[in-house]
Every structure is written in structure tokens, then in C-alpha cells.
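Visitor:
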Amino acid sequence: MSEVAAAPEGVDTVAAVNGELDADTDFETTTIGSLMSPPVGIFKPDQTVAQAVEQLRAETQTAFITYGYVTDEAGKLLGVVVMREMLLAKPGDKLSAVMIPQPFSFDTGTVLPDALQDAAKLHYPAYPVTKADGTLAGIIRGEELFRNQVIEISAQAGKMVGVDKTERLDTSIKRSLFLRHPWLQINLLTAFVAAAVVGFFEETLAQLVILAVFLPVMAGQTGNTGSQALAVTVRGMTLGDLESGSEGKLVWKEGILGTINGALVGITAGIGMYAYAAMTGGDNAVMLGVVVFISMVVACVISGIAGAIIPILLKKAGADPAAASSIFLTTMSDIASMGVFLGLATIMLL
């Protein structure tokens, strides 16, 4: 399809319609049905191009029409008429010969995330919306879908740290507290898990106090690696780039990136550990540097893979990947970084 129609001066390109939706129509706010406008520019297959043009001249005075929609007597969608094709056709041609048969359409019950993925691939200016039986129910404009996509993407960063997408600068303190605090409690519980891992290696830390200096370094770098993988994965889900069956390729890619980035960062961190141990007169400065290097590589691989797998699994389980992934990833990254680091130090140095 292609956009060739223009909006009449003074007509709202989104809201202008030629009628109202049925009063008893009730759609979930997360579905296409809640955003669609009443259908306009409806024709029958036996109408001629000349008849359709006359009808359009009348309807475009009160509505913005992008495409013509051809339906049968029962109201079922048969095809879409592009304005360009009508201009090039002969006045006596039937619309059944000009229309695009079996066009793409959204179902009224299509949830917005799925619709956004289709819209990101098709980029049509308008889409017909049909009921389960194929009856034309309305029209959804591409700009309306992309407006919702912008809202969804902008909300992802907040979701990952427990900020609801409905919270704004003018949200009351009470409401903000209600929205944010539960996530902080959950995050505290997961932090206890990481603390338990450190506590398990209490004897190692007592003998090698220098290891405690690099625990924040390990946790920070590993967490960043996982967060990068998580951001790319969630963005791919939102934009529809992550297709079914391509999950394995993504996980493999993040594992490779984790290995390379972990090695590069590990070299720098290992040298830093060696220099710090040497300056403070610590024993086994070289081995400490080696432990940091190996731990950084292993932990970054684990965190990178987790950053890709966790949102995929959450989506398959029916949860919101953007809202819940960060908590699980933080826990996994902390356990991997501290557990691997202290575990290797125990094996190689004690």
C-alpha cells in the first residue's frame, strides 16, 4: 500500500471520522479495538471507479480517507483500494478489479505489543480492523500505533528500575511511593541472595582481604554486560526484530560478546589487581591478577547470556520482560561475579 491521499484543510488527520462506533462496543484498553476509529470510505465490489470517486468527494468533506475498503453485503472485508490505483483506472472499471484482495488487517482483539511489531515491519499509513468473522469494524492509523510505540519504548527504562509507565513528574508522592516501593522490597530480597554468596566465602575473605576491594569492580562490570544484552533483547521484542526461532542465535551472540568484552575488561582489571597487590605488599600478586581475569571472562559470559535468556523466558511465561527482567538479571550477575571470583580465589590461592 502507499500513502497518496491528503487531509482536507482543517480536518484532524486522526480523529476525523464519518460516524461513531457502536455504543455497546467494549474493548480492552490494551487491544487494537480500543484505538480504532469508525470505518469510512466503504464501497461495494460492483461499484465503478466513477461512483467511488463521487462518494469520496462527499465523504472527504468530513473525514480523512487514506484507503477505500471494499466489503460484501454482510460487511466482510474483501479488499483495499489505493487512491493511486483509482486515479489510473478507467471510470467504468469495477472496484473488484482495482482493489487489493485479501489485505492485511488487525483483529479487534490484537494486543498492542503484537500490533506494534507488525506495524514496525509494514509501515502502512492506515490498517483495517476486523472482527473475528472478518467483518470490517474500524480503522487504526499508523501514526496512532507509533505514538503508542513511543510511549512503550520510553517506559522501558523506567520499568527496568521499578518505575511504572503511568508515573509522571506531577504524580503525587503517595502514588509514586505506592508504585515504586514494592520493587525496592523485592530487590532487597534478591540482594540478600548475593550477600549469602559472599557470606559463604567468609573464610576466604578473612585470609585474603584484598579480594574485598575488587568485589564492587566484578559486580559492576558483570552487571553492565548483562544490562547491555537485556536492553538489546527487550528493544528487539518491542520492535519485532526478535522473531520466533532466532532466540538461539541471539543467546550465542551475547555469549560471544560476553567472552570478548570480559577478556578485554579482564586484562585491564587483572593488571589493576596486580598493581594494587604489588603496591600493598600482598603475596601472589600475579595469581591475583589471573584470578581477576578468568573471573571477569566467566562472569561476563554468564551475565550476557542471562541478559538475553531472562526476558525471553519471562515473555514465554506471560510476564512483562521489561518490568521483571532487571531484578532477576541483577541477582544472576551478582551471584555469577562474586561466586566465580571468590570461588576461583579459594581454589587457586588457598
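Note that the sequence shown covers residues 1 to 350 in UniProt numbering. From the three backbone atoms N, C-alpha and C, an ideal C-beta is built for every residue, glycine too.
For residue 90, I'd like the list of residues in its chain whose CB is within less than 8 angstroms of its CB, leaving aside the five on either flank, ordered along the chain.
Guide: 49
Visitor: Could you check how far apart the C-beta atoms of residue 109 and residue 68 are, in whole angstroms? I think they sit under 8 angstroms.
Guide: With a Cβ gap of about 25 angstroms, residue 109 and residue 68 do not count as contacting.
Visitor: Compare the C-alpha of residue 217 against each of 313, 96 and 265 and name the closest.
Guide: Looking at 313, 96 and 265, the one whose alpha-carbon comes closest to that of residue 217 is 265.
Visitor: What are the start and end residues of the alpha helix (DSSP H) that includes residue 304?
Guide: 285–316
Visitor: Okay, do the segment 200–220 and the segment 333–347 touch, 3+ Cβ pairs below 8 angstroms being the bar?
Guide: Judged by Cβ distances under 8 angstroms, the segment 200–220 makes contact with the segment 333–347, as three or more pairs qualify.
Visitor: What residue range is occupied by the uninterrupted beta strand (DSSP E) comprising residue 140?
Guide: Going by DSSP, residue 140 is part of the beta strand (DSSP E) stretching over 136–141.
Visitor: Is the distance from the Cβ of residue 70 to the Cβ of residue 45 below 9 angstroms?
Guide: yes
Visitor: Return the CA-CA distance between residue 248 and residue 122, expressed in angstroms with no decimal places.
Guide: 25 angstroms
Visitor: Does the distance between the C-beta of residue 69 and the nearest non-hydrogen atom of the ligand NAD fall short of 8 angstroms?
Guide: Although the ligand NAD was asked about, the structure shown includes no ligands whatsoever.
Visitor: Does DSSP put residue 321 in a helix, a strand or coil?
Guide: helix
Visitor: Determine, using beta carbons only, whether residue 301 and residue 339 come nearer to each other than 9 angstroms.
Guide: no
Visitor: Could you give the DSSP three-state label for residue 114: helix, strand or coil?
Guide: Residue state, collapsed to three classes: helix.
Visitor: Taking only the alpha-carbon atoms, compute the straight-line gap between residue 290 and residue 274 and give it to the nearest angstrom.
Guide: 9 angstroms
Visitor: What is the C-beta distance between residue 329 and residue 307, in whole angstroms, given that I count them as a contact (C-beta under 8 angstroms)?
Guide: 6 angstroms
Visitor: So which of 129, 169, 141 and 246 has the shortest CA-CA distance to residue 77?
Guide: 129
Visitor: DSSP on residue 121, reduced to helix/strand/coil?
Guide: helix
Visitor: Over the uninterrupted beta strand (DSSP E) stretch that includes residue 49, give me the two end residues.
Guide: Residue 49 -> not in any beta strand (DSSP E); alpha helix (DSSP H) instead, spanning 49–59.
Visitor: So residue 311 and residue 230 are supposed to be a Cβ contact under 8 angstroms. How far apart are they, rounded?
Guide: 6 angstroms
Visitor: By a C-beta neighbour count over all protein chains shown, 10 Å radius and 16 as the cutoff for buried, is residue 298 buried or exposed?
Guide: buried
Visitor: Taking the continuous beta strand (DSSP E) assigned at residue 128, which residues delimit it?
Guide: 126–130
Visitor: Does the Cβ of residue 212 have 16 or more other Cβ atoms within 10 Å, making it buried, or fewer, making it exposed?
Guide: exposed
Visitor: Confirm, please, whether the CB-CB distance from residue 118 to residue 245 is below 9 angstroms.
Guide: No, Cβ-Cβ distance for residue 245 and residue 118 is not below 9 angstroms.
Visitor: Only counting the same chain, and skipping five residues up and downstream in sequence, which positions put a Cβ closer than 7 angstroms to that of residue 271?
Guide: 289
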